[in-house]
Amino acid sequence: MSGHGYESGRLDLPFVGIATFAKRPYAPDWETLEADVAVLGAPFDAGTQYRSGARFGPRGVREASTLFSFGHAGAYDHEDDAIYLGNDVRIVDMGDADIVHTDTEASHANIETGVRAALKAGALPVVIGGDHSVNIPCIRAFAGAEPFHIVQIDAHLDFVDARHGVRHGHGNPMRRAAEQAHVSGLSQLGIRNVSSTAREGYADARARGSDILSVRQIRRLGLDGVLARIPAGRVYVTIDIDAFCPSIAPGTGTPSHGGFLYYEVLELLQGLAQRSDIVGIDLVEVAPDYDPTGSTQILAAQILLNFLGFIFHERAQR
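Per the working numbering, residue 252 is the first one in the sequence shown, and the count goes up by one each step.
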């Protein structure tokens, strides 16, 4: 094709085309997935207790991720002297799980089906929520698999057993995870301030093997001290965007001041990638309507892409 900008093919700028995750291929046929990473949207927020809007999180994070659609050559990081996410890492976007209006169980079952499809294909599942209840079907999808440890990066403990009969809302996922035979333990990082979980919930979490650290405790321990407390081996990472300070991530339904800054979480994730086998990721509670600047969505996309870069760089070194 002749004309300006077409000498070497289409420019494929961030603001043109379909907004799949990082502008990677769309893979709607879950029976024939071929990928190293399979991204699934879980636009469900009926588990929220107060401010809804996380149903628009997958769309917002995908759109923001186009900013980092740097092509097949990968991205060079001069600090690490490494190229991340080159054409040797196949990332596909599965689209969204079917969400059935007002039906938590049916919606969660459809999310679980998507994660199972990714696992069956041998891909690393990356789920973009949605509220934190979507973690429940994500963890269920691993039933029968080799046990793994969960690292939760969050402002809230999310360890409520039941409240008003609700067992599968966004205050319950870590309690539901701890009940699974394939979950060997939890590291709950960033937990702070007032919480929906009562004192008894903290005692229950610790009795079930949870290691709970606030942001201030983590800063006192330092990165190496925190990583030393997390068991090596298979690890699933769940990131609630409200773990970050709302000064950099206001677009969430439950903001909590005193949160992490960007590099604190980035360096923690890089350390996990270096010493653990990451088996799954979810990132939840992005609610774009509360952040007209788009900064929260950009933060979420940047964290995910950097984490994936770390994971596959370390896999290639092993």
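Glycine included, every Cβ here is placed at the ideal spot set by N, Cα and C.
Keep in mind the model is a prediction, meaning the values are calculated, not measured.
Reduced DSSP secondary structure (H/G/I, E/B, other) of residue i
{"i": "I589", "result": "Because the chain in this structure spans residues 252 to 569, residue 589 falls outside the shown range and cannot be described."}
{"i": "L291", "result": "strand"}
{"i": "S303", "result": "coil"}
{"i": "V267", "result": "coil"}
{"i": "G395", "result": "coil"}
{"i": "L408", "result": "coil"}
{"i": "A376", "result": "In the sequence as presented, Ala is not what sits at residue 376; that position holds Pro. Reduced to three states, the DSSP call for P376 is strand."}
{"i": "T489", "result": "strand"}
{"i": "G346", "result": "strand"}
{"i": "R569", "result": "coil"}
Rounded straight-line distance, which links the Cα of residue j to that of residue i
{"i": "D455", "j": "L262", "result": "54 Å"}
{"i": "D412", "j": "E430", "result": "10 Å"}
{"i": "Q568", "j": "G560", "result": "12 Å"}
{"i": "R480", "j": "I404", "result": "14 Å"}
{"i": "R485", "j": "Y541", "result": "35 Å"}
{"i": "L519", "j": "L474", "result": "7 Å"}
{"i": "H255", "j": "A333", "result": "Annotation note: pLDDT 47 at H255 (below 50); position unreliable, coordinate value reported separately. Rounded to the nearest angstrom, the two C-alpha atoms are 33 Å apart."}
{"i": "I490", "j": "P265", "result": "25 Å"}
{"i": "P388", "j": "N444", "result": "28 Å"}
{"i": "R459", "j": "Y453", "result": "10 Å"}
{"i": "L284", "j": "N361", "result": "17 Å"}
{"i": "I529", "j": "F393", "result": "13 Å"}
{"i": "H352", "j": "V402", "result": "30 Å"}
{"i": "G346", "j": "G365", "result": "9 Å"}
{"i": "I562", "j": "A297", "result": "32 Å"}
{"i": "T355", "j": "D382", "result": "12 Å"}
{"i": "R457", "j": "H407", "result": "15 Å"}
{"i": "G395", "j": "P376", "result": "16 Å"}
{"i": "A293", "j": "A326", "result": "27 Å"}
{"i": "D344", "j": "D462", "result": "33 Å"}
With 16 other Cβ atoms within 10 Å as the buried cut-off, status of residue i
{"i": "L534", "result": "buried"}
{"i": "H508", "result": "exposed"}
{"i": "R427", "result": "buried"}
{"i": "V241", "result": "This structure cannot settle anything about residue 241, because the visible part of the chain is limited to 252 through 569."}
{"i": "K371", "result": "exposed"}
{"i": "Q525", "result": "exposed"}
{"i": "R313", "result": "buried"}
{"i": "E258", "result": "Any reading at E258 must be qualified, since the residue scores a pLDDT of 46, below 50, and its modelled position is unreliable; no value is offered."}
{"i": "T544", "result": "exposed"}
{"i": "R306", "result": "buried"}
{"i": "T547", "result": "buried"}
{"i": "H400", "result": "buried"}
{"i": "S498", "result": "exposed"}
{"i": "P309", "result": "buried"}
{"i": "P506", "result": "buried"}
{"i": "H421", "result": "buried"}
{"i": "N338", "result": "exposed"}
Residues that DSSP places opposite residue i in a beta bridge
{"i": "Y335", "result": "A326"}
{"i": "T570", "result": "Absent from the structure is residue 570, since the part of the chain shown begins at 252 and ends at 569."}
{"i": "F495", "result": "F511"}
{"i": "I401", "result": "L437 and Y487"}
{"i": "R213", "result": "The shown model of the chain, from 252 to 569, leaves out residue 213, and the question about it has no answer."}
Where in the segment 508–562 do unbroken runs of the beta strand (DSSP E), each at least 3 residues long, occur, reported from the N-terminal end onward?
The segment 508–562 contains these whole beta strand (DSSP E) runs: 527–535.
Could you tell me which uninterrupted beta strand (DSSP E) segments, each at least 3 residues in length, are contained entirely in the segment 416–485, listed from first to last along the chain?
Secondary structure remark: continuous beta strand (DSSP E) runs of at least 3 residues inside the segment 416–485, in chain order: 434–440 and 462–464.
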